[in-house]
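Participant: In full-length UniProt numbering, the protein residues as written are 1 to 189. All C-beta atoms, glycine included, are put in the ideal place defined by N, C-alpha and C. Keep in mind that this is a model prediction, so the values were computed, not measured.
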Ligand SMILES: CC(C)(COP(=O)(O)OP(=O)(O)OC[C@H]1O[C@@H](n2cnc3c(N)ncnc32)[C@H](O)[C@@H]1OP(=O)(O)O)[C@@H](O)C(=O)NCCC(=O)NCCS
């Protein structure tokens with residue numbers, strides 16, 4: 001497991017799937033704001049992106065479940081996706097259960113994804129795209145040193161309207177693991 005100061009990133013367990021589907025996938029508005037694919041219903045037991053436990057076939061996409069370090073409760077999911085080993089870049093994505101938002105977990109998840117991308121995977125650049133009104137995601141990324149590189153105008157169709165997305169990037173040489181307001185040690189468990 002990868003550890004931040006508040007969260008751990010571990011493999012997806014079968015037990016996580018019904019919770020992620022009920023609390024994240026089944027929220028049509030949140031899903032539509034967070035994913036570039038249209039929402040579709042997923043039957044219990046069916047395969048969708050959040051129900052993949054072990055995705056050995058897709059080496060470009062690493063899926064984690066996010067858990068609380070203290071007690072191990074499931075908090076959400078985190079992904080490193082679009083891993084490009086030639087250009088040494090990847091995208092990050094994350095989603096927390098509604099009751100777990102706004103408590104600093106997201107900022108810590110981004111920090112651990114940076115550690116995984118830069119240190120474990122040896123990447124050079126990480127990026128994130130998010131809706132321009134997603135203050136929490138923008139904050140979690142910027143708190144970790146991501147900078148706004150551009151606005152993708154009307155790039156996302158969200159529940160009946162086109163919305164702008166912000167593209168943020170972080171280069172390894174600009175990454176300061178301690179840029180957050182607290183110091184933190186990572187270790188593998
Ligand atoms: C986006 C998300 C992962 C952020 O995680 P989080 O734990 O809620 O965010 P944090 O508590 O770490 O806060 C990050 C920053 O945003 C601010 N923030 C948090 N919630 C906010 C809100 N609702 N409105 C405005 N600012 C907010 C925090 O104050 C913090 O800023 P600071 O470091 O300057 O104090 C989480 O809110 C979530 O899962 N949202 C739904 C799914 C989603 O949007 N995923 C991203 C798709 S690209």
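Could you check which residue in 158, 94, 3, 113 has the C-alpha nearest to that of residue 24?
Facilitator: Ranking the options by Cα distance to residue 24, first place goes to 94.
Participant: Determine whether the beta carbon atoms of residue 77 and residue 12 lie at a separation below 9 Å.
Facilitator: In contact: residue 77 and residue 12 (Cβ atoms closer than 9 Å).
Participant: Classify residue 153 as buried or exposed, calling it buried when 16 or more other Cβ atoms lie within 10 Å of its own Cβ.
Facilitator: So residue 153 ends up on the exposed side.
Participant: Between residue 137 and ligand 1, is there a pair consisting of the residue's CB and a ligand heavy atom that are separated by less than 8 Å?
Facilitator: Under cutoff, so the answer is yes.
Participant: How would you label residue 137, buried or exposed, when you count the other beta carbons within 10 angstroms and need 16 or more for buried?
Facilitator: So residue 137 counts as buried.
Participant: Check whether the Cβ atoms of residue 106 and residue 97 lie closer than 9 Å to each other.
Facilitator: Result no, Cβ atoms of residue 106 and residue 97 do not sit closer than 9 Å.
Participant: Counting Cβ pairs closer than 8 Å, one from the segment 148-164 and one from the segment 100-116, do we hit at least three?
Facilitator: Short answer: they don't touch.
Participant: Taking the beta strand (DSSP E) that residue 132 falls in, what are its first and last residues?
Facilitator: Premise fails: residue 132 is in no beta strand (DSSP E) and is neither H nor E.
Participant: Considering only their Cβ atoms, is the gap separating residue 111 from residue 38 smaller than 9 Å?
Facilitator: No; because the gap between Cβ atoms is not below 9 Å, this pair is not in contact.
Participant: Using the DSSP secondary-structure output, state which residues sit across from residue 91 in a beta bridge.
Facilitator: Residue 91 is bridged to 81, 127.
Participant: Could you check which residue in 65, 17, 123 has the C-alpha nearest to that of residue 42?
Facilitator: Answer by Cα proximity: 17.
Participant: Measuring only from the beta carbon, is residue 73 closer than 8 Å to any heavy atom that is part of ligand 2?
Facilitator: Absent from the structure shown: ligand 2. Ligands present: ligand 1.
Participant: Could you have a look at residue 146 and say whether DSSP puts it in helix, strand or coil?
Facilitator: Coil, per DSSP.
Participant: Output the distance between the C-alpha atoms of residue 21 and residue 170, rounded to the nearest integer angstrom.
Facilitator: The straight-line gap from Cα to Cα measures roughly 30 Å.
Participant: Kindly give me the distance between the Cβ atoms of residue 10 and residue 67, rounded to whole angstroms, as I take these residues to be in contact under 8 Å.
Facilitator: Residue 10 to residue 67, Cβ: 6 Å. Contact.
Participant: Compare the beta carbon distance of residue 109 and residue 140 with 9 Å and say whether it is the shorter of the two.
Facilitator: Contact: yes.
Participant: Can you find the residues in the same chain that come closer than 7 Å, C-beta to C-beta, to residue 174, ignoring five residues on each side of it along the sequence?
Facilitator: The answer, listed in chain order, is 145.
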